[in-house]
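The listed protein sequences derive, respectively, from chains A and B. Numbering of the first sequence is given in the numbering used here, commencing with residue 1 and proceeding in unit increments. Numbering of the second sequence is given in the numbering used here, commencing with residue 1 and proceeding in unit increments. Note that the Cβ used here is the ideal one computed from N, Cα and C, for glycine as well. Have a look at the structure below before the remarks.
There are 2 protein chains.
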Amino acid sequence: MSIGGATRFELSEADIPTRWYNVVADMPSPPPPPLHPATGRPPDPQDLLAIFPPDLVEQEVSSERHIAIPEPVLDIYRLWRPTPLYRARRLERALETPAHIYYKYEGVSPAGSHKPNTAVPQAYYNRRAGIGRLTTETGAGQWGSALAFAARSFDLDIRVYMVRVSYGQKPYRRLMMETWGAEVVASPSTLTASGRGTLDRDPDSPGSLGIAISEAVEEAASRKDTNYSLGSVLNHVLLHQTVIGQEARKQFDLAGDYPDVVVASCGGGSNFAGLAFPFLGERLTGNAPKETRFVAVEPAACPTLTRGIYAYDFGDASGFTPLMKMFTLGHGFVPPGIHAGGLRYHGDSPLVSKLVADGLVEAQAYGQVGVFSAAVQFARSEGIIPAPESAHAIKGAVEEALAAKRDGAARTILFGLSGHGHFDLAAYEQYLSGALQDFELPTAAIDQALKELPAVDRA
Amino acid sequence: MSIGGATRFELSEADIPTRWYNVVADMPSPPPPPLHPATGRPPDPQDLLAIFPPDLVEQEVSSERHIAIPEPVLDIYRLWRPTPLYRARRLERALETPAHIYYKYEGVSPAGSHKPNTAVPQAYYNRRAGIGRLTTETGAGQWGSALAFAARSFDLDIRVYMVRVSYGQKPYRRLMMETWGAEVVASPSTLTASGRGTLDRDPDSPGSLGIAISEAVEEAASRKDTNYSLGSVLNHVLLHQTVIGQEARKQFDLAGDYPDVVVASCGGGSNFAGLAFPFLGERLTGNAPKETRFVAVEPAACPTLTRGIYAYDFGDASGFTPLMKMFTLGHGFVPPGIHAGGLRYHGDSPLVSKLVADGLVEAQAYGQVGVFSAAVQFARSEGIIPAPESAHAIKGAVEEALAAKRDGAARTILFGLSGHGHFDLAAYEQYLSGALQDFELPTAAIDQALKELPAVDRA
């Protein structure tokens, strides 16, 4: 097994998409609206305007097929976009598969993942709305560093509530944010009522994404100069990520090929949507040359799409957000501590969930040992060391390639390599030393969390 | 100060250089040859063939202007080459300079620096010579990870002797090498006579680059299946790096511009040579549109070119290698522990040294506090967090841009951004917290080391 032989399909700056693609315009039936937990009705836009700028609230509910990307956003995108599409010829040879494997690599962004694709427009729209300050939460740090970079792009101050256990364990991600000028606070903190409440109950709390969200939202809601920013799940976030798939579509023209299957990892859903939706749109509108399949890959330790149910639930752990109709394991579900921190979310985006419910998107779940095995095979054949989240897509693509080999079919596989693993090498050490383990997830644990679903499901 | 507004000048795969440029062909006078320390005569090629493959020994002494890049090497180069050239418009605005600042970014390689440009051909030529195994040394880990990646590209086994103190302090660089399948050993080790000798004298030795070189060379010299690989200093290493400057030259055609000054950091010299030599060649052959200046930037804590002397000295600390005529602080000189580990070399490449001695290349030295200040200003304006080594070039470029501002001159500045700082964020923390310090380097320390120069200087 060795590296190289890949072919890179290159676009120029002029090929950066100038508009985002909104899949809502082409879905057979639109996703059910979010609901206010108290009233059971869609939330008042005013509630959203307390923490989001008008442009993003508008995009959140838009059913326009295309939304123009503002020039100042394109200006920043040009720092790393278009991103490369590679044919993984050495991986194909290592697998002895007749399949063609392509991957779209988003790790070339300054923050090292796809997250800046939405962080940049979110910062821009906030600046345009006269906002001078953002808050957000981050777990492993990918989203926090993307927003720190984006905030700096538009001269916004930013405070990142970083889950305390990650704050201690991932100093490099924290330092990356600080180098870009962000203020990083370990959560729970004494800066907010929700943080202080948590610390009162448990002074040694390691924190959680749910608590960090509560702190960031509380601060944004209570300060006029400050808005909140979210890195996945919501419609406008998925919208911004569609630059990935639109570029990949053009690159397949250069390659003279078209995917039979599109594979991407799925936590909150924005990475999957970004790659898949532009191809899915072609299929939904009858413009695709093939009956392409779409596969969302999730961790077996947090199997939202494969073992959850499709129901209204809260977006956060504490039950502060509007209810969203989505695949969920229950907002009280706490996934085991796998290395792919970005995929540890109890729910999934309403858009991806609806497409799964309608049978247009498939879902698969894999344990982390198999995922890291695929990641190392990829690193040793293609040279790039992937983030643990992205490695889920590699595992999915490898399984598709092995299936093509069994079937003797020269299928074309596209997967999304959403980021590099430069800050995740401790996880590789665990794998290489044989210490990495899979988690058994008892059905009872899921059943218990699902019992706490809110009673407002009226779909 | 904010990010973006840069313009990327893009080449396609077809623009990757197909031959390396050998500056020896165009130098006014060639560099003096290396000398065997015992005989005072140029070393027998057979000595070199004990640890290097024939193609590299030939390139080391070649005076051909161009040497073809083998197709299997180009095949791997295509994973990340051509690398981007950016116009740093936001940095220009932050400095309020009339200068145009461009940078060539080599951090997009899998190993994150320019080092794979030579690691890949070195691995290839060894494989072609029937060698199945490489040894090398690494300090901070940039070279070791580049060679680990390259060895994997051509199915070579590799053992990296990593300076013990870095082995402990830089676990991520070590894990990167292991992920690519390299064996990484803390040096001094018990695997070699020189390692055991060092441990006998000092069981707690933190190691040094000199000791690690001795171990790697000893093992390569004593095993028929194993060769040694060096990451800088030698002529063939500088040769391979000229893909950087050749691409930049084409990108300046796209930009409709040409550098008045080329700035690059300089430790062993390969990064500087890679960017500067193709432009210098144009000037030496009368084909340059401008009287371009060339500036090599080094750390004030290891001021080889600015405070050393031009004399024959050993390439390693222990005095095992042939003598090379170069700027040197004395092979016994131990530089203070600055963060730019890749620039802590007592000497400099014979080619760069000769050009400095002939007045064709200038040298500047800066302290690390000023260097990190420039690095953070760059990260906050252009988005990329640079390696400490690369930040020396940023500091040099910033000084040139400020000089242009004082002179009211719209000069064009090109600098080399040789790598990213993803594994160097602890150094940024030191700087951001105010704990980073400059080192005073007493003249007596240099004088003392220079006293130990070998007595064979006959130039």
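Selected residue, minimal CA-CA separation from residue i, among the options
i, options, result
"residue 218 of chain A", "A:286, A:52, A:99", "A:52"
"residue 138 of chain A", "A:216, A:47, A:353", "A:216"
"residue 330 of chain A", "A:317, A:63, A:359", "A:317"
"residue 31 of chain B", "B:23, B:38, B:37", "B:23"
"residue 230 of chain A", "A:406, A:122, A:395", "A:122"
"residue 222 of chain B", "B:356, B:315, B:50, B:413", "B:50"
"residue 181 of chain A", "A:194, A:190, A:149", "A:149"
"residue 324 of chain B", "B:40, B:20, B:25", "B:40"
"residue 245 of chain B", "B:381, B:294, B:202, B:211", "B:294"
"residue 280 of chain A", "A:154, A:28, A:448", "A:28"
"residue 404 of chain B", "B:66, B:63, B:64, B:95", "B:95"
"residue 320 of chain A", "A:93, A:242, A:48", "A:48"
"residue 397 of chain B", "B:113, B:374, B:361, B:380", "B:374"
"residue 249 of chain A", "A:278, A:155, A:227, A:441", "A:278"
"residue 282 of chain B", "B:62, B:341, B:454, B:360", "B:360"
Three-state secondary structure (DSSP) of residue i
i, result
"residue 396 of chain A", "helix"
"residue 242 of chain B", "coil"
"residue 448 of chain A", "helix"
"residue 420 of chain A", "strand"
"residue 227 of chain A", "strand"
"residue 437 of chain A", "coil"
"residue 317 of chain A", "coil"
"residue 458 of chain B", "Any answer about residue 458 of chain B is weak, because its pLDDT of 49 lies below 50 and its placement is not dependable; what the coordinates show is given next. If DSSP states are grouped into helix, strand and coil, residue 458 of chain B belongs with coil."
"residue 362 of chain A", "strand"
"residue 443 of chain A", "helix"
"residue 343 of chain B", "helix"
"residue 411 of chain A", "coil"
"residue 479 of chain B", "This structure gives no information on residue 479 of chain B, because the portion of chain B shown stretches from 1 to 459."
"residue 236 of chain A", "helix"
"residue 38 of chain A", "coil"
"residue 325 of chain A", "strand"
CB contact flag (residue i, residue j, <8 Å)
i, j, result
"residue 264 of chain B", "residue 434 of chain B", "no"
"residue 161 of chain B", "residue 135 of chain B", "yes"
"residue 220 of chain A", "residue 305 of chain A", "no"
"residue 115 of chain B", "residue 141 of chain B", "no"
"residue 259 of chain A", "residue 413 of chain A", "yes"
"residue 91 of chain B", "residue 76 of chain B", "no"
"residue 332 of chain A", "residue 247 of chain A", "no"
"residue 189 of chain B", "residue 195 of chain B", "yes"
"residue 262 of chain A", "residue 273 of chain A", "no"
"residue 117 of chain B", "residue 236 of chain B", "no"
"residue 7 of chain B", "residue 401 of chain B", "no"
"residue 209 of chain A", "residue 163 of chain A", "yes"
Cβ neighbours of residue i in the same chain (closer than 8 Å, five flanking residues each side left out)
i, result
"residue 74 of chain B", "16, 18"
"residue 367 of chain B", "299, 300, 301, 438, 439"
"residue 108 of chain A", "80, 83, 84"
"residue 105 of chain B", "83, 84, 85, 86, 384, 417"
"residue 43 of chain A", "34, 35, 36, 322"
"residue 234 of chain A", "60, 349"
"residue 469 of chain A", "Look at the range of chain A in this structure, 1 to 459, and you will see that residue 469 of chain A is not part of it."
"residue 410 of chain B", "98, 99, 100, 404"
6 Å Cβ shell around residue i - same chain, five flanking residues per side excluded
i, result
"residue 345 of chain A", "267, 268"
"residue 9 of chain A", "85, 251, 254, 255"
"residue 392 of chain A", "265, 297, 371"
"residue 72 of chain A", "124"
"residue 327 of chain A", "304, 305, 308, 310, 348, 353"
"residue 284 of chain A", "26"
Spatial neighbours of residue i in its chain, beta-carbon cut-off 7 Å, leaving aside the 5 residues before and after
i, result
"residue 424 of chain B", "339, 387, 388"
"residue 145 of chain B", "111, 173, 176, 177"
"residue 225 of chain A", "131, 132, 133"
"residue 54 of chain B", "129"
(message) For a minimum of 4 consecutive residues, which ranges assigned as the alpha helix (DSSP H) are wholly contained in the stretch 41 to 80 of chain B?
(response) 45 to 49, 54 to 61, 71 to 77
(request) Please specify which runs of the beta strand (DSSP E), each continuous and at least 3 residues long, are wholly inside the stretch 130 to 215 of chain B, giving them in chain order. (result) 133 to 138, 157 to 163, 183 to 187
(request) Entirely within the stretch 246 to 309 of chain A and at least 4 residues each: give me those alpha helix (DSSP H) ranges in chain order. (result) 270 to 284, 304 to 307
(request) Please specify which runs of the alpha helix (DSSP H), each continuous and at least 4 residues long, are wholly inside the stretch 81 to 137 of chain A, giving them in chain order. (result) 89 to 95, 116 to 128
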